[in-house]
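Asker:
Protein chains: 2
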Amino acid sequence: MNLNNLNPNVRNVEYAVRGEIAILAETLKDKLNKGENLPFNEITNINIGNPQQLKQKPITFFRQVSSLVENPDLLLDENREKVEALYPIDVIERAKKLVSSAGGSVGAYSHSMGIPYIRQQVAKFIEERDGYPADPEKIFLTAGASPAVQMILQCMIDKPNVGVMIPIPQYPLYTASLALFNSRAVPYYLNEEKAWGMDPNDLKEAIHKARQEGTDVRALVIINPGNPTGQCLSDENMKEIIEFCHRERLVLCADEVYQTNTYSEDLPFHSFKKILRSMGPDYEDFELFSFHSISKGVIGECGRRGGYVECVGIDPHIVEQMYKLASISLCPNVQGQIMVELMVNPPNPGEPSYDLYKKETDDIYHSLIRRSVKLYEAFNNLEGVTCSKAEGAMYLFPQIRLPARAIEAAKTAGKQPDAYYSLEMLKATGICVVPGSGFGQKDGTWHFRATFLPPEHTFDEFINLLKNFHEKFMDQHRD
Amino acid sequence: MNLNNLNPNVRNVEYAVRGEIAILAETLKDKLNKGENLPFNEITNINIGNPQQLKQKPITFFRQVSSLVENPDLLLDENREKVEALYPIDVIERAKKLVSSAGGSVGAYSHSMGIPYIRQQVAKFIEERDGYPADPEKIFLTAGASPAVQMILQCMIDKPNVGVMIPIPQYPLYTASLALFNSRAVPYYLNEEKAWGMDPNDLKEAIHKARQEGTDVRALVIINPGNPTGQCLSDENMKEIIEFCHRERLVLCADEVYQTNTYSEDLPFHSFKKILRSMGPDYEDFELFSFHSISKGVIGECGRRGGYVECVGIDPHIVEQMYKLASISLCPNVQGQIMVELMVNPPNPGEPSYDLYKKETDDIYHSLIRRSVKLYEAFNNLEGVTCSKAEGAMYLFPQIRLPARAIEAAKTAGKQPDAYYSLEMLKATGICVVPGSGFGQKDGTWHFRATFLPPEHTFDEFINLLKNFHEKFMDQHRD
Chain S
40 MNLNNLNPNV RNVEYAVRGE IAILAETLKD KLNKGENLPF NEITNINIGN PQQLKQKPIT
100 FFRQVSSLVE NPDLLLDENR EKVEALYPID VIERAKKLVS SAGGSVGAYS HSMGIPYIRQ
160 QVAKFIEERD GYPADPEKIF LTAGASPAVQ MILQCMIDKP NVGVMIPIPQ YPLYTASLAL
220 FNSRAVPYYL NEEKAWGMDP NDLKEAIHKA RQEGTDVRAL VIINPGNPTG QCLSDENMKE
280 IIEFCHRERL VLCADEVYQT NTYSEDLPFH SFKKILRSMG PDYEDFELFS FHSISKGVIG
340 ECGRRGGYVE CVGIDPHIVE QMYKLASISL CPNVQGQIMV ELMVNPPNPG EPSYDLYKKE
400 TDDIYHSLIR RSVKLYEAFN NLEGVTCSKA EGAMYLFPQI RLPARAIEAA KTAGKQPDAY
460 YSLEMLKATG ICVVPGSGFG QKDGTWHFRA TFLPPEHTFD EFINLLKNFH EKFMDQHRD
Chain W
40 MNLNNLNPNV RNVEYAVRGE IAILAETLKD KLNKGENLPF NEITNINIGN PQQLKQKPIT
100 FFRQVSSLVE NPDLLLDENR EKVEALYPID VIERAKKLVS SAGGSVGAYS HSMGIPYIRQ
160 QVAKFIEERD GYPADPEKIF LTAGASPAVQ MILQCMIDKP NVGVMIPIPQ YPLYTASLAL
220 FNSRAVPYYL NEEKAWGMDP NDLKEAIHKA RQEGTDVRAL VIINPGNPTG QCLSDENMKE
280 IIEFCHRERL VLCADEVYQT NTYSEDLPFH SFKKILRSMG PDYEDFELFS FHSISKGVIG
340 ECGRRGGYVE CVGIDPHIVE QMYKLASISL CPNVQGQIMV ELMVNPPNPG EPSYDLYKKE
400 TDDIYHSLIR RSVKLYEAFN NLEGVTCSKA EGAMYLFPQI RLPARAIEAA KTAGKQPDAY
460 YSLEMLKATG ICVVPGSGFG QKDGTWHFRA TFLPPEHTFD EFINLLKNFH EKFMDQHRD
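Residue numbers (this note's numbering), protein chains in the order written: chain S, 40 to 518; chain W, 40 to 518.
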């Protein structure tokens, strides 16, 4: 095997979130660990939404249950007293319930769609969230949202001229997967001037152009709240998107993994399922996939790999084919499934674990808001940088207006200007971001994505490093 | 989306291990749970290698560590006393080490190839097993062996006439994945008369025939110990296979997930890597992937999804491309990674957990041997049934010679004869097996796969059910 006979679709995949800059960050981290002298003392990974890597404490209730389900001996009556010294009663009861739902052991393969009891809990959560029924037999538990997205794209793409509409900027999972399955990304642009909102006319133009080019457009991906752009869609905007997809006979893929990361009271999260159902019987045949995950929110259990996709209005034969695909990989990991159950069914008021759960989640949530504002203000104070406020998600996506000499220097280095800027930033400060070119952006504009996830007490320091770097960079490359 | 515009490769996938019969078994289980009256009291799932579903107790040391890593509060000094009342010291130390190797939390995304420390432990394990060096940078931790196999096939297949040699009978992951990636399975037959051994002349014939048909044969899959056939290869046979692949310039994919499931003193497990390295410098450019998993052995942590693939002699550019693919899914689940570490680095003699670990693993191992022999004898006592002894793995693959009237009845029912037999068995006894047609078999022969994993004390009862069913079935269909 070599690059000449490698699957060309694999070769064509680009995935910048873990690309050159992230790899250099790893190398620099190794150097620091070995005691090498660098201009900074640590790597600040604001390139990736990985809260617990950045010291976000896991939610105690979730981890207590996860811990107990692993150790069946502790659930035996003979150990009850010792265990009660360490775990609240509701944790013990929940762990017993979950082990029993897994057929007696969390080490056994489960149903390929996920443990039926947990899918029932997910359906109940969706019903309570939206006010409309949900069917556990239409829910697949998955190892995070990414494999769910890939499974659906893989089913959808039956020839190379199939296209899927994706927002630009986008989370690169979508372009990477479309490249892997040898199909076409049909871009529609989010409007930076309108806080990364979406204009339905742009959708029309984009699909029109794609069809003229012979693309068989099948689906539209929307990320709400947005990644990397942080916007939250209004109900009105969501209706327009649904109407557009309905008119154009597109399947809607709603990436709703940031549904609890909303920071503006004017823009609370509503799911596409809820808006769809509110539009009445004309939309009964509408096809929607909605994705959720344990990696985001205030949970941040990324490494565990858990999530789900709900299939709404999807042909039962397609659901059956998805089940067949899922069964080749046997089952999603049970530890991820269990965290999905905990996410959709957290402690209730009055239960022993509730107060701590409430305090922990509130603290993280409010700190996220403070951190997002602080970083947003810092970016807007940099020369040539403008940045929209994060209405949701975990990221800011500032635009940097680079001097012509910087763009020239990037060209000489064989890099995109924003990649060049981001690399220089990493080398000078240890701060690792993802250049906008990894997500897509309007031609001639340059951005980068930064999470606001580092611990709150470190913000002043790394913002200061960033500010000094930026000033120096602009001075060095001034026209 | 509907069956007409579904990706035809998805439609063409067949995956019998979780096919019609397994689905009926689920339905019958639901009926039993609802109190319905059926001719049996429980479903005996001997269709799938899922030890803990069948009450195999997890290994205490493994689960204690898994439990502790989940609960960072228990690792704090202030809780030390309470925790020592429940966990041995070596468990506590190991948990601390693993949490630290995961960057402080098992909830964070790890490196996309897996936690570097754990890959180092895997390399050390391989070195000690084989006596030859292993490189942690050539090891990918994965969510079980299946996604590792799929990742490699996906890289390898660059056009539809690419073919991969697979044993028949085979584990259907291989045919399913080859269908999904739109390429050709090139079958070579294992020889039932020689206890499912392999004749290198058959390999030559198979590749010759495939090439004549225009197939560009790229790789050969071998499963050792065998699934579903249970054979263990001799060193001599392994050398012949390596020589064949070397001569024909094939990549060797060695599915070695059953490496600790060997039951014959004459046929101990040797890895293909070890045999390859023993063949000297002529074979330095040989390309080998070796797969391992936490799902099998005496561990049986299937639901956790953990495993690894070692890339031997693979072009570094290909390894880089695999890393890119792995990074789209971010990382293999950390809980699976941790179990891989425990598998390759179990307690040592003298450590507090050693005695219990040794007893538990020995007990399971010896019981597996007893159970395999018991089921083997039972099968060979059935009219028209012959069965090879399991030298390894977890399965028996008996051949059933069905009367012409049974074959006729199957035809009328629109089923393969072995599927018909297996369905009738399920309906009469609650025993769920997988028909041989799901694995492939010589034309005109019929088999089924059965695990010998149910609890030892249940063997007499289900063997008796099986015997009664078989006698009745043969009587009813006697020519």
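Beta carbons: idealized from backbone N, C-alpha and C, even for Gly. Note that the coordinates shown come from a computational prediction; the quantities given were computed from them, not determined experimentally.
1. Is Ser-519 of chain S buried or exposed, if buried means 16 or more other CB atoms sit within 10 Å of its CB?
2. Relative to chain S, which residues along the stretch 138-163 of chain W have a C-beta separation below 8 Å, given in chain order?
3. Please tell me whether Gly-202 of chain W has its Cβ less than 8 Å away from any Cβ of chain S.
4. For the 8 Å Cβ check, are there 3 or more pairs between the stretch 383-400 of chain W and the stretch 349-364 of chain W?
5. Using alpha carbons as the reference points, say which of W:Gln-455, W:His-356 and W:Gly-423 lies closest to Pro-442 of chain W.
6. So is Lys-398 of chain W in contact with chain S if we call contact Cβ pairs under 8 Å?
7. Is the CB of Ile-207 of chain S under 8 Å away from at least one CB in chain W?
8. Just tell me which of W:Asn-263, W:Ile-262 and W:Tyr-322 has its CA closest to the CA of Arg-286 of chain W.
9. Hey, is the stretch 493-506 of chain W in contact with the stretch 416-433 of chain W, meaning 3+ C-beta pairs nearer than 8 Å?
10. The beta strand (DSSP E) spanning Glu-349 of chain S covers which residue range?
11. I'd like to check one pair, Pro-437 of chain W with Asp-487 of chain W: are the Cβ atoms closer than 8 Å?
12. Am I right that Ala-187 of chain W and Phe-330 of chain W are in contact with their C-beta atoms under 8 Å? What's the rounded C-beta distance?
13. Between Gly-88 of chain W and Tyr-434 of chain W, what straight-line distance do the alpha-carbon atoms span, to the nearest angstrom?
14. Are the C-beta of Ser-329 of chain S and some C-beta of chain W separated by less than 8 Å?
15. Using a Cβ cut-off of 8 Å (strictly closer), state whether Glu-120 of chain W contacts chain S.
16. With DSSP run on the structure shown, which of helix, strand or coil describes Gly-342 of chain W?
17. In chain W, what lies closer than 7 Å to Gln-91 of chain S by C-beta?
18. Between which two residues does the beta strand (DSSP E) carrying Leu-259 of chain S extend?
19. Consider the Cβ of Asp-402 of chain W: report whether some Cβ of chain S lies at a distance smaller than 8 Å.
20. DSSP has Pro-407 of chain S in a bridge; who is on the other side?
21. Quick one: is Pro-47 of chain W buried, meaning 16 or more other Cβ sit within 10 Å of its Cβ, or exposed?
22. Give me the DSSP bridge partner(s) of Cys-471 of chain S.
23. Answer yes or no: the CB of Met-378 of chain S versus the heavy atoms of the ligand GTP, is any distance below 7 Å?
24. Is Ser-310 of chain S helix, strand or coil when you go by DSSP?
25. In chain W, what lies closer than 7 Å to Gln-103 of chain S by C-beta?
26. Can you tell which of W:Ile-82, W:Lys-335, W:Val-130 and W:His-309 has its C-alpha closest to the C-alpha of Thr-99 of chain W?
27. Find the residues of chain S that neighbour Ile-128 of chain W, judging by a C-beta separation of less than 7 Å, and give them in chain order.
28. Is Thr-490 of chain W helix, strand or coil when you go by DSSP?
29. Counting only beta-carbon atoms, is Tyr-322 of chain W nearer than 8 Å to chain S?
30. Please compile the residues from chain W whose C-beta is within a distance smaller than 7 Å of the C-beta of Val-290 of chain S.
31. As a quick exercise: from S:Pro-199, S:Ser-427, S:Gly-375 and S:Pro-175, pick the residue whose alpha carbon is nearest that of Ala-234 of chain S.
32. Here's a check: name, in chain order, each residue in its chain whose Cβ is nearer than 7 Å to the Cβ of Tyr-228 of chain S, leaving out the five neighbours to either side.
33. Only counting the same chain, and skipping five residues up and downstream in sequence, which positions put a Cβ closer than 7 Å to that of Lys-413 of chain S?
34. Is it the case that the Cβ atoms of Gly-269 of chain S and Ala-432 of chain S are separated by a distance below 8 Å?
35. Taking a contact to mean a Cβ-Cβ separation below 8 Å, would you say Ser-310 of chain S touches Asp-169 of chain S in this structure?
36. Flag this pair as yes or no: are the beta carbons of Val-260 of chain S and Asp-305 of chain S separated by less than 8 Å?
Answerer: On the basis of the data shown:
1. Residue 519 of chain S is absent from the model: chain S starts at 40 and stops at 518.
2. Of all residues in the stretch 138-163 of chain W, those with a C-beta nearer than 8 Å to a C-beta of chain S are Ala-141, Gly-142, Gly-143, Ser-144, Val-145, Gly-146, Ala-147, Tyr-148, Ser-149, His-150 and Ser-151, reading in chain order.
3. For the purposes of this step, residue 202 of chain W is taken as the residue at position 163 of the second sequence. No Cβ of chain S is located within less than 8 Å of the beta carbon of Gly-202 of chain W.
4. Of all C-beta pairs linking the stretch 383-400 of chain W to the stretch 349-364 of chain W, fewer than three are shorter than 8 Å, placing the two stretches out of contact.
5. The residue labelled residue 442 of chain W in the question sits at position 403 within the second sequence. Nearest C-alpha to Pro-442 of chain W: W:Gly-423.
6. Start at 1 with the first residue of the second sequence, and residue 398 of chain W comes out as number 359. Output row for Lys-398 of chain W: interface = no.
7. Walking along the first sequence from the start, residue 207 of chain S turns up at place 168. At a cut-off of 8 Å, the C-beta of Ile-207 of chain S has no neighbouring C-beta in chain W.
8. The residue given as residue 286 of chain W occupies position 247 in the second sequence. For the set W:Asn-263, W:Ile-262 and W:Tyr-322, the Cα lying nearest the Cα of Arg-286 of chain W is the one of W:Tyr-322.
9. In the pairwise beta carbon analysis, the stretch 493-506 of chain W is classified as touching the stretch 416-433 of chain W: at least three pairs are separated by under 8 Å.
10. Numbered from its first residue, the first sequence carries residue 349 of chain S at position 310. For Glu-349 of chain S, the enclosing beta strand (DSSP E) has its first and last residue at 346-351.
11. On the second sequence, residue 487 of chain W is found 448 positions in, with the first residue counted as 1. On the second sequence, residue 437 of chain W is found 398 positions in, with the first residue counted as 1. As written in the sequence, residue 487 of chain W is Phe, which differs from the Asp given in the question. The criterion of a C-beta distance shorter than 8 Å is satisfied by Phe-487 of chain W and Pro-437 of chain W.
12. Position 148 of the second sequence, counted from the start, is the residue given in the question as residue 187 of chain W. Position 291 of the second sequence, counted from the start, is the residue given in the question as residue 330 of chain W. Between Ala-187 of chain W and Phe-330 of chain W the beta-carbon gap is near 5 Å, inside 8 Å, which marks them as a contact.
13. As a first step, residue 88 of chain W must be located in the second sequence, where it is residue number 49. As a first step, residue 434 of chain W must be located in the second sequence, where it is residue number 395. Looking at the two C-alpha atoms, the distance is approximately 8 Å.
14. Position 290 of the first sequence, counted from the start, is the residue given in the question as residue 329 of chain S. No, no contact with chain W.
15. Along the second sequence, one-based indexing puts residue 120 of chain W at 81. False, the Cβ-Cβ gap to chain S never drops below 8 Å.
16. Residue numbering aside, residue 342 of chain W sits at position 303 when the second sequence is read from its first letter. For Gly-342 of chain W, the three-state secondary structure derived from DSSP is helix.
17. Working through the first sequence from its first residue, we reach residue 91 of chain S at position 52. The answer, in chain order, is Ser-144, Gly-146 and Ala-147.
18. For the purposes of this step, residue 259 of chain S is identified with residue 220 of the first sequence, where counting begins at 1. It spans 255-262 - the beta strand (DSSP E) in which Leu-259 of chain S sits, taken as one unbroken run.
19. Numbered from 1 along the second sequence, position 363 holds the residue referred to as residue 402 of chain W. For Asp-402 of chain W, the answer is no, since every Cβ of chain S falls outside 8 Å of its Cβ.
20. As a position in the first sequence, residue 407 of chain S is number 368, starting the count at 1. Correcting the residue identity first, residue 407 of chain S is Leu in this sequence and not Pro. DSSP lists no partner for Leu-407 of chain S.
21. By 1-based counting over the second sequence, the position of residue 47 of chain W is 8. With fewer than 16 other Cβ atoms inside 10 Å of its own Cβ, Pro-47 of chain W counts as exposed.
22. The count along the first sequence starts at 1 and reaches residue 471 of chain S at position 432. Cys-471 of chain S is bridged to S:Asn-84.
23. The ligand GTP is absent from the structure shown, which contains no ligand whatsoever.
24. Here residue 310 of chain S is taken as the residue at index 271 of the first sequence, counted from 1. Here Ser-310 of chain S sits in coil by DSSP.
25. On the first sequence, position 64 is the one that residue 103 of chain S refers to. The contacting residues are Asn-110.
26. Indexing the second sequence from 1 puts residue 99 of chain W at position 60. Of W:Ile-82, W:Lys-335, W:Val-130 and W:His-309, the residue nearest in Cα terms is W:Val-130.
27. Numbered from its first residue, the second sequence carries residue 128 of chain W at position 89. Within 7 Å Cβ-Cβ: nothing; Ile-128 of chain W doesn't reach chain S, min ~16 Å.
28. Looking up residue 490 of chain W in the second sequence gives position 451. In this structure, DSSP gives Thr-490 of chain W an extended state, which the three-state scheme calls strand.
29. The sequence position of residue 322 of chain W within the second sequence is 283, counting from 1. At a cut-off of 8 Å between beta-carbon atoms, Tyr-322 of chain W makes no contact with chain S.
30. By 1-based counting over the first sequence, the position of residue 290 of chain S is 251. Within chain W, the residues near Val-290 of chain S are Met-40.
31. Here residue 234 of chain S refers to the residue found at position 195 when the first sequence is read from its first residue. When only C-alpha atoms are compared, the closest one is S:Ser-427.
32. Locating residue 228 of chain S in the first sequence gives position 189, counting from the first residue. Close CB contacts of Tyr-228 of chain S within its chain, under the 7 Å cut and outside five residues either way in sequence, are with Ile-207, Asp-241 and Lys-481 (chain order).
33. Against the first sequence, residue 413 of chain S aligns to sequence position 374. Annotation for Lys-413 of chain S: Phe-498 place their beta carbon closer than 7 Å to its own, counting only its chain and skipping 5 residues before and after.
34. Against the first sequence, residue 269 of chain S aligns to sequence position 230. Against the first sequence, residue 432 of chain S aligns to sequence position 393. Their beta carbons are under 8 Å apart, which means Gly-269 of chain S touches Ala-432 of chain S by this criterion.
35. The count along the first sequence starts at 1 and reaches residue 310 of chain S at position 271. The count along the first sequence starts at 1 and reaches residue 169 of chain S at position 130. With a cutoff of 8 Å on beta-carbon distance, Ser-310 of chain S and Asp-169 of chain S are scored as near each other.
36. As a working note, residue 260 of chain S is residue 221 in the first sequence. As a working note, residue 305 of chain S is residue 266 in the first sequence. For Val-260 of chain S and Asp-305 of chain S, no; Cβs fall outside 8 Å.
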